[in-house]
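For the sequence shown, counting from 1, position 241 maps to 243 in our numbering; every step adds exactly one.
Notes for the one structure printed next.
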Amino acid sequence: MTRGTFIQNRPLRWALVFLFWTLIGLSFASQFYLSSYKAARPVTWGQAVSWSLGDWYVWAAVSLPIVQLARRFRFDDVKWRRNVGIHLAASAVFSFGYMALRAWVGQLQSLTVGKPVAFAETFNPLLVKTFHFNLLIYWVIVSVSHTFDYYRQVQERELRAAELEKRLAQARLQALQMQLNPHFLFNTLHAISSLMHKEVEAADQMITRLSDLLRYALESTDAQEVPLRQELDFLERYLEIEQTRFGDRLAVRMDVAPDTLDALVPNLVLQPLVENAIRHGIEPRSQGGRIELRCRCENGRLVLEVRDNGVGLSPNGKLEEGVGLSNTRARLEQLIFLLRVWRCRERVLQPRLEEFRDAFDPGRRSCQRGVPVWHDDSRQSGRYFVGRGRRQRRGLDAAGAEAAQYRRAGVPRD
3 MTRGTFIQNR PLRWALVFLF WTLIGLSFAS QFYLSSYKAA RPVTWGQAVS WSLGDWYVWA
63 AVSLPIVQLA RRFRFDDVKW RRNVGIHLAA SAVFSFGYMA LRAWVGQLQS LTVGKPVAFA
123 ETFNPLLVKT FHFNLLIYWV IVSVSHTFDY YRQVQERELR AAELEKRLAQ ARLQALQMQL
183 NPHFLFNTLH AISSLMHKEV EAADQMITRL SDLLRYALES TDAQEVPLRQ ELDFLERYLE
243 IEQTRFGDRL AVRMDVAPDT LDALVPNLVL QPLVENAIRH GIEPRSQGGR IELRCRCENG
303 RLVLEVRDNG VGLSPNGKLE EGVGLSNTRA RLEQLIFLLR VWRCRERVLQ PRLEEFRDAF
363 DPGRRSCQRG VPVWHDDSRQ SGRYFVGRGR RQRRGLDAAG AEAAQYRRAG VPRD
């Protein structure tokens, strides 16, 4: 049952109201039945139930217009003083109405046992004994009605807020993705222009491959998550452009496990990180370098690693974030990811990723928010990790402490 089922399912709601009054009637019937024996005027259980349910079923019928009145004249309205006065008058009217209806029901019950009584014989004792109690019940019904209405309004506000938040997140993601595509296009056109007057054939190949990438980007604009197979296909097309540009200076190695290809990952999550590794790791290095991409399922978790052996981070340890990397960080935050950067020497630490990633079920064709991304070089490295929630932060802290321990000991670790 969803959170709003009780509010929206009217038959279920009134069935529960009927059950509520029945339980109250049975409770008073038990009390009446036991007290009659103590007073030496015993009644049967059937008589006790008949009289008690007669009382409270009358209130069940009267409660329907009381609830409607409570919803129309609310205490949180700007005219609450007038509404309080209306309810004070209505409580007296309904109290008399209840007693009149109960007296009529009492007449019918007396006929069933062969001892008819006059209307006044039933109404007058009720007026003396139950008038103030009836007023109390009226205000209890009004209070319960206001409580349920307030609960319903809170539920509706939460649903509206969640829907607005979802739409806002989608709008932000679309804006970020629209910003990312022109950034990628600008960088690629800049690379083509650098080859246009030197290697015409290579530039022509880059233009052809760029058209394929733009076609892919237009077709997947609305998709926030795509299968890893599709993400890798786009990445391979992008790397073909970069390899045309760099030639032998750029080597690429991909190690992709077949059982990860149907996992869902954020759209365009790998390309900006690979581009950042090429631009800030490989390009400044005269002899070039290599990019390694590893995708595997480890202990039920999806692991994605991007490594390069370029120039590494600056001596002060600051990571250069362009539009692509900062945009990716922002998109991941919208998708409830965390993007962290670690600094350590190559091969110092292989963290226990299963401690801070959610489960990946290849059979469900989905990856539950766990994409760690590394960026390594032979001297210093920034290791990008995309995780989720407080549990991930604890795992990062523990792994970071373990890395520091290995650095102090000077022990390399595969």
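For glycine and all other residues, C-beta sits at the position ideal for the given N, C-alpha and C.
No experiment lies behind these values; they were computed from the predicted model shown.
Are L2 and L234 closer than 9 Å when you measure CB to CB?
Within the shown structure, residues of the chain are numbered from 3 to 416, placing residue 2 beyond reach of any answer.
In terms of alpha-carbon separation, which member of V305, Y218, F30 lies closest to A259?
Numbered from its first residue, the sequence shown carries residue 259 at position 257. Here the closest residue by C-alpha is V305.
Bounding residues of the alpha helix (DSSP H) (the contiguous stretch that carries D261):
Position 259 of the sequence shown, counted from the start, is the residue given in the question as residue 261. Careful: D261 lies outside any alpha helix (DSSP H) and carries neither H nor E.
Burial state of E289 (16 or more Cβ within 10 Å)
For the purposes of this step, residue 289 is taken as the residue at position 287 of the sequence shown. The question names Glu, yet the displayed sequence has Gln at residue 289. Exposed, since its Cβ has fewer than 16 Cβ neighbours within 10 Å.
Close beta carbons around F77, own chain, < 8 Å, minus the five adjacent residues each side:
To locate residue 77, count along the sequence shown from 1; it is residue 75. Here the set comprises N85, V86, H148.
Would you give the residue range spanned by the alpha helix (DSSP H) that I26 belongs to?
By one-based count along the sequence shown, residue 26 stands at place 24. Here the alpha helix (DSSP H) through I26 covers 12 to 40.
Determine contact between the region 125 to 133 and the region 144 to 161, defined as no fewer than three beta-carbon pairs at a distance below 8 Å.
no
With F125 and M101 assumed to form a contact (beta carbons below 8 Å), what rounded beta-carbon distance in angstroms separates them?
The count along the sequence shown starts at 1 and reaches residue 125 at position 123. The count along the sequence shown starts at 1 and reaches residue 101 at position 99. Contact holds; Cβ gap of about 6 Å.
Would you mind sorting V271 into buried or exposed? The rule is 16 or more other CB atoms within 10 Å of its CB.
Residue 271 sits at position 269 when you count from the first residue of the sequence shown. Looking at its Cβ environment, which holds 16 or more other Cβ atoms inside 10 Å, V271 is buried.
Less than 7 Å between C-beta atoms, sequence neighbours within five positions excluded: which residues of the same chain meet that for T4?
Within the sequence shown, residue 4 is the residue found at index 2, counting from 1. Here T4 scores only 46 on pLDDT, less than 50, and its place in the model is too uncertain to base an answer on.
Got a sec, what are the start and stop residues for the alpha helix (DSSP H) R247 sits in?
Position 245 of the sequence shown, counted from the start, is the residue given in the question as residue 247. 230 to 248 is the extent of the alpha helix (DSSP H) around R247.
From A120, L90, D250, residue whose alpha carbon lies closest to that of L138
Within the sequence shown, numbered from 1, the residue matching residue 138 stands at position 136. Comparing Cα positions, the closest option is L90.
Roughly how many angstroms separate the alpha carbons of P67 and V107, rounded to a whole number?
Reading the sequence shown from its first residue, position 65 is the one you call residue 67. Reading the sequence shown from its first residue, position 105 is the one you call residue 107. Going from the Cα of P67 to the Cα of V107 covers about 19 Å.
So, do the region 56 to 64 and the region 17 to 32 have three or more beta carbon pairs nearer to each other than 8 Å?
yes
Less than 8 Å between the CB of S195 and some heavy atom of the ligand SAM, yes or no?
In terms of ligand content, the structure shown is empty, and the ligand SAM therefore cannot be addressed.
Could you check what DSSP says for V80 in three-state terms: helix, strand or coil?
As a working note, residue 80 is residue 78 in the sequence shown. DSSP places V80 in coil when its eight states are reduced to three.
Would you list the one or two residues that DSSP bridges to V305?
On the sequence shown, residue 305 is found 303 positions in, with the first residue counted as 1. According to DSSP, which records beta bridges pairwise, V305 is partnered with R298.
Element boundaries [alpha helix (DSSP H), containing V60]
Mapped onto the sequence shown, residue 60 falls at position 58. Counting along the chain, the alpha helix (DSSP H) containing V60 begins and ends at 47 to 74.
So, are the CB atoms of V267 and V228 less than 9 Å apart?
Locating residue 267 in the sequence shown gives position 265, counting from the first residue. Locating residue 228 in the sequence shown gives position 226, counting from the first residue. Cβ distance < 9 Å, so V267 and V228 count as in contact.
Hey, how far is the Cα of R83 from the Cα of S52?
Here residue 83 refers to the residue found at position 81 when the sequence shown is read from its first residue. Here residue 52 refers to the residue found at position 50 when the sequence shown is read from its first residue. Taking the straight line from one Cα to the other gives about 40 Å.
With a 10 Å radius around its C-beta and 16 neighbouring C-beta atoms as the bar for buried, classify R371 as buried or exposed.
Here residue 371 is taken as the residue at index 369 of the sequence shown, counted from 1. Low confidence applies to R371: its pLDDT is 38, below 50, so where it sits in the model is not reliable, and the reading given next is rough at best. The residue is buried, with at least 16 neighbouring Cβ atoms inside 10 Å.
Through-space distance from F248 to R287, alpha-carbon basis
Reading the sequence shown from its first residue, position 285 is the one you call residue 287. Reading the sequence shown from its first residue, position 246 is the one you call residue 248. Computed Cα separation, rounded: 11 Å.
With a threshold of 16 other CB atoms inside 10 Å of the CB of E158, please say whether the residue is buried or exposed.
Start at 1 with the first residue of the sequence shown, and residue 158 comes out as number 156. Per the 10 Å Cβ criterion, exposed.
In angstroms with no decimal places, state the Cα-to-Cα distance between A193 and H199.
Against the sequence shown, residue 193 aligns to sequence position 191. Against the sequence shown, residue 199 aligns to sequence position 197. Near 12 Å, if we compare the C-alpha coordinates of H199 and A193.
Please report the straight-line C-alpha distance between K81 and Q70, rounded to a whole angstrom.
As a first step, residue 81 is located in the sequence shown; it is residue number 79 there, counting from the start. As a first step, residue 70 is located in the sequence shown; it is residue number 68 there, counting from the start. Near 17 Å, if we compare the C-alpha coordinates of Q70 and K81.
Could you tell me how far apart the beta carbons of L215 and A204 are, in whole angstroms, since I believe they sit closer than 8 Å?
In the sequence shown, counting from the first residue as 1, residue 215 sits at position 213. In the sequence shown, counting from the first residue as 1, residue 204 sits at position 202. Rounded, the Cβ-Cβ distance is 16 Å, inconsistent with contact.
L270 by DSSP, collapsed to three states: which one?
As a working mapping, residue 270 is identified with position 268 in the sequence shown. Looking at L270 - three-state DSSP - the assignment turns out to be coil, as it is neither helix nor strand.
R231 to N269 span [Cα, whole Å]
The sequence position of residue 231 within the sequence shown is 229, counting from 1. The sequence position of residue 269 within the sequence shown is 267, counting from 1. Cα to Cα, the separation comes out at about 11 Å.
In angstroms with no decimal places, state the Cα-to-Cα distance between A31 and A163.
As a first step, residue 31 is located in the sequence shown; it is residue number 29 there, counting from the start. As a first step, residue 163 is located in the sequence shown; it is residue number 161 there, counting from the start. Going from the Cα of A31 to the Cα of A163 covers about 46 Å.
With burial defined as no fewer than 16 other Cβ atoms inside 10 Å of the residue's Cβ, what is the status of T46: buried or exposed?
As a first step, residue 46 is located in the sequence shown; it is residue number 44 there, counting from the start. Looking at its Cβ environment, which holds fewer than 16 other Cβ atoms inside 10 Å, T46 is exposed.
When burial is assigned at 16 or more other CB atoms within 10 Å of the CB, is R12 buried or exposed?
To locate residue 12, count along the sequence shown from 1; it is residue 10. Label assigned to R12: exposed.
Output needed for D257: all residues of its chain with C-beta closer than 8 Å, excluding positions within five of it in sequence on either side, in chain order.
On the sequence shown, position 255 is the one that residue 257 refers to. If we look at D257 and ignore the five residues flanking it on each side, its Cβ neighbours are E294, L295, R296, C297, R298.
On the DSSP bridge list, what partners appear for V254?
The residue given as residue 254 occupies position 252 in the sequence shown. DSSP lists I293 as partners of V254.
For R281, which option in V313, V19, R15 has the closest C-alpha, if you only look at C-alpha atoms?
Taking the first residue of the sequence shown as 1, we reach residue 281 at position 279. Of the listed residues, the one whose Cα sits closest to R281 is V313.
Which of the three DSSP states is assigned to E167 in this structure?
Stepping through the sequence shown from its first residue, residue 167 is reached at position 165. Residue state, collapsed to three classes: helix.
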